[in-house]
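Comments concern the structure below.
There are 2 protein chains.
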Amino acid sequence: MANRVGVIGGGQLARMMTVPAINLGLELKVLAETENSSASLATTVVGDYTHLQTVLDFSEGVDVITFDHEHVPLHILEALEKKGKSVQPPSRALAHAQNKLVMRKALARIGAPNPNWRAVSSKEQLEEFIAEFGPEVIVKTPIGGYDGKGVRVVSSASQVSDWLEPSSLSALGGELLAEEKVQFTRELAQLSARNSSGEFKAWPIVETRQKNGVCSEVLAPAPNASKELSLEAIKIAELISSSLEVTGNLAVEMFETTDGRLLVNELAMRPHNSGHFSIEGATTSQFEQHLRAVLDLPLGDTSMDQVAVMVNLLGVSNDKDFVDNYELVMKAFPAAKIHAYGKSPRVGRKLGHITVLDKSIDSALATANQARSAVLGVN
Amino acid sequence: MANRVGVIGGGQLARMMTVPAINLGLELKVLAETENSSASLATTVVGDYTHLQTVLDFSEGVDVITFDHEHVPLHILEALEKKGKSVQPPSRALAHAQNKLVMRKALARIGAPNPNWRAVSSKEQLEEFIAEFGPEVIVKTPIGGYDGKGVRVVSSASQVSDWLEPSSLSALGGELLAEEKVQFTRELAQLSARNSSGEFKAWPIVETRQKNGVCSEVLAPAPNASKELSLEAIKIAELISSSLEVTGNLAVEMFETTDGRLLVNELAMRPHNSGHFSIEGATTSQFEQHLRAVLDLPLGDTSMDQVAVMVNLLGVSNDKDFVDNYELVMKAFPAAKIHAYGKSPRVGRKLGHITVLDKSIDSALATANQARSAVLGVN
């Protein structure tokens, strides 16, 4: 059986993939950027993923290539595919997670629910969009954005004049993405997986709560989600993953609008922060499922037996490691599941997360928040 | 915080300790016997654990030494302790898991329930014991036995005449252990953990079912265990672990006798086959708990939310790897949690296990047995 998975990128997602690889006896190899990456335990090559020969050499020792992030240049993935390498998700799918304009166009084509959007390449075009959908709109760089970076809320084209300068605009692909500022009641995420045989499975929809543009809490399943809403979200995820031929995990970040609709915000084709709850909270974790899916193995059961709340641990200092607070937090919260990514501390950096399972979201959330304060040493 | 754990032995127990080490961001180093050990991912040294300097060198890079097995000679552990190294469990505790006669004497001293037993060093002494407790009795070599090896059911001293020969007997420590053949209804195991600050936590008692002297199935919690029996088992485990100053995990294998008593059969001071169910079945797995305990961190919650059945995967062939049957078994049993130890196949070898969680033991057991047949390719 093909059982050697090569992961490009040595972040916490690659790190967390090592766990199901150990459990299932699969071989995991990681091409990491640095020696002391989060996934250093499984790292077999340290090198530059934008360098074709490095990636080709790495691919020699594995059956399938997959990803910790979506930043590998498409021409490199296409070159791998031309040489007969199995790239999962394939470049034609991943293109939609790399470029937000490519995504909007594809979602419009397949009939998935977009907010109002437009590709703009000049001050005038953006002002026109603002006049139609403002007073405030969202402007995004099609590539290179994450965790709130590359995204601005603007009421005038002058607020993105730096992006519209010819040299910047050309580096960003020639166009910016303008989107209406959706009036939403909350943000949801629908995580699913699909293998190349076409089997599709979804976890329960979750609510994600952001702070300063970065995911802070995930409530699984999303509280007060109607059966209709849940089914609609899964239908959207299945439409996208089958139409775009996604393999592996697909996270569809969505807005629930004030008038009760779901609109797609972002796509990720890999394990995703909104799915970390599944490590303890679901029969099959998103990391195990991703490995199964990219190896074209049958997918695992995604049901949950209790509710789960996951809270991110963002650095509050540039020198103190939160592992030093384990004694305190473990004593007070014996049921909290703490995850540390082995990264050096930095203010605002994602250093780990905590998951709490319980009978009710409210009590899980309260425990998780208290445990987070204790491990970070904040109040 | 002290967070570097050195494990002596590179078997599946060390392998499974890597998972909570990854989750919690602890540093795990393994001194393995061979390059391609089950724990090769975390192996930092390949060497001989009976060689003092090898073990001393290994101990330099870690905060605490613990074990995948109980075969490290006591004099080596004592030498480490004399140099101020933290050995968990300490040699004075581990002595009881290394030598069954030392164990019987200690259990008698602290008042834990032994079957009738005697140290014998001659044919005559053994015949006398058989006359008193026979017609059949159990004879065990005090050291070196596991999974049914070093254990014989005898009705005459001539059946262990090889062990009683002067040269063998001297290699075994000068005495054999004779025990009554206990009339039992079933075998139980009480898994617990204790840190050096004295905190103690136990998982629910489990029923273990053996085939040919090797653990085949574990039912957690043990079906039809009364509250009295469960409390009695925990009391025994706590008595042993505090009296013998055990740190880390303690597995107490017990007989439930036909007249309703619990008698101690064996002790192990490390993660144990009877506790594998806890990986998915309990809030804190035995592997996480062992790491917490040996680092003297507060212990995690041991409660279970569903029942669990674990079945061992013993090799049925010397060449076929059961990983090749993943497609079949994953398709039919999407909720089965499969664990492969990365060992080369051999008939009868412990190559992995499967855990199934469910609402009832009967249905979990049925699913687990069917999944085992499917993954092993037997009927």
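Each protein sequence line maps, in turn, to chains V and A.
Under our numbering, think of the first position of the first sequence as 303, with each following residue one higher.
Under our numbering, think of the first position of the second sequence as 303, with each following residue one higher.
Just so you know, even glycine gets a beta-carbon here, dropped at the ideal spot from N, CA and C.
Within a 10 Å sphere around the beta-carbon of A/Gly562 sit fewer than 16 other beta-carbons, which makes this residue exposed. Of the candidates A/Ser605, A/Leu616, A/Thr336 and A/Leu599, the residue whose Cα lies closest to the Cα of A/Leu326 is A/Leu599.
Looking at the backbone, the Cα of A/Ala642 and that of A/Leu315 are separated by about 12 angstroms. Going by DSSP, A/Asn671 is part of the alpha helix (DSSP H) stretching over Ile663 to Leu678. Distance from the CA atom of A/Val364 to the CA atom of V/Ser393, rounded to whole angstroms, is 44 angstroms. Between V/Asn305 and chain A, the shortest Cβ-Cβ separation is below 7 angstroms.
In the three-state reduction of the DSSP assignment, V/Trp505 falls in the coil class. Residues of the segment 575-587 of chain V with a C-beta less than 9 angstroms from any C-beta of chain A: Ile581, Glu582, Thr585 and Thr586, listed in chain order. In this structure V/Leu601 is buried. Its beta-carbon is surrounded by 16 or more other beta-carbon atoms within 10 angstroms. Within the DSSP bridge table, the entry for V/Asn551 names V/Ala495 as partners. Residue contact with chain V for A/Gly308: absent (no Cβ-Cβ distance below 7 angstroms to any residue of chain V). Contact annotation for V/Pro523 against chain A: no contact, minimum CB-CB distance about 16 angstroms [criterion: below 7 angstroms].
Looking at the DSSP output, V/Phe435 sits in no beta bridge, so it has no partner there. About 6 angstroms separates the beta carbon of A/Val508 from that of A/Ser576, a gap short enough to meet the 8 angstroms contact definition. Between the alpha carbons of V/Met556 and A/Lys639 lies a gap of roughly 31 angstroms.
Rounded to whole angstroms, V/Leu409 and V/Gly386 show a C-alpha spacing of 29 angstroms.
Annotation for V/Lys402: Lys442, Pro444 and Leu479 place their beta carbon closer than 7 angstroms to its own, counting only its chain and skipping 5 residues before and after. DSSP lists V/Cys517 as the beta-bridge partner residues of V/Gln512. Along the segment 316-343 of chain V, going in chain order, the ones with a CB nearer than 7 angstroms to a CB of chain A are Arg317, Thr320, Val321, Ile324, Asn325, Leu326, Gly327 and Leu343. Uninterrupted alpha helix (DSSP H) stretches at least 4 residues long and entirely within the segment 622-654 of chain V occur at 628-634, given in chain order.
Boundaries of the beta strand (DSSP E) harbouring V/Asn567: Leu564 to Ala570, taken from the DSSP string. Looking from the CA of A/Ile538, the closest CA among A/Cys517, A/Ala495 and A/Leu653 belongs to A/Ala495.
Chain-ordered, the chain V residues with CB closer than 8 angstroms to the CB of A/Asp603 read Pro636 and Ala637.
For the options A/Ser388, A/Ser665, A/Phe624 and A/Leu653, the alpha carbon positioned closest to that of V/Ala304 is the one of A/Phe624. Exclusion of the five residues before and after A/Glu430 leaves no residue of its chain whose Cβ lies closer than 7 angstroms to its Cβ. Against chain A, the CB of V/His655 has no partner CB under 7 angstroms away; the residue lies outside that interface. When DSSP reads this structure, A/Met612 sits in a beta bridge with A/Val520 and A/Thr657.
As a beta-bridge residue in DSSP terms, A/Val309 pairs with A/Val332 and A/Thr368. The beta carbon of V/Pro506 does not come within 7 angstroms of any beta carbon belonging to chain A, so the residue lies off that interface. Boundaries of the beta strand (DSSP E) harbouring V/Ala421: Trp419 to Val422, taken from the DSSP string.
Closer than 7 angstroms at the C-beta level to chain V, one finds these residues of the segment 618-633 of chain A: Val625, Asp626, Tyr628, Glu629, Met632 and Lys633. Beyond the five residues adjoining it in sequence on each side, A/Thr560 comes within less than 6 angstroms, by CB distance, of Gln485 and Thr487 in the same chain, given in chain order. By the beta-carbon neighbour count (other beta carbons within 10 angstroms, threshold 16), V/His592 is buried. Under the 8 angstroms Cβ criterion, the segment 577-590 of chain A counts as touching the segment 317-324 of chain A, having at least three qualifying pairs. Chain V places no beta carbon closer than 7 angstroms to that of A/Pro573, leaving this residue out of the contacts. Contacts between V/Tyr351 and chain A, judged by CB atoms closer than 7 angstroms, are missing: the closest CB pair is about 22 angstroms apart.
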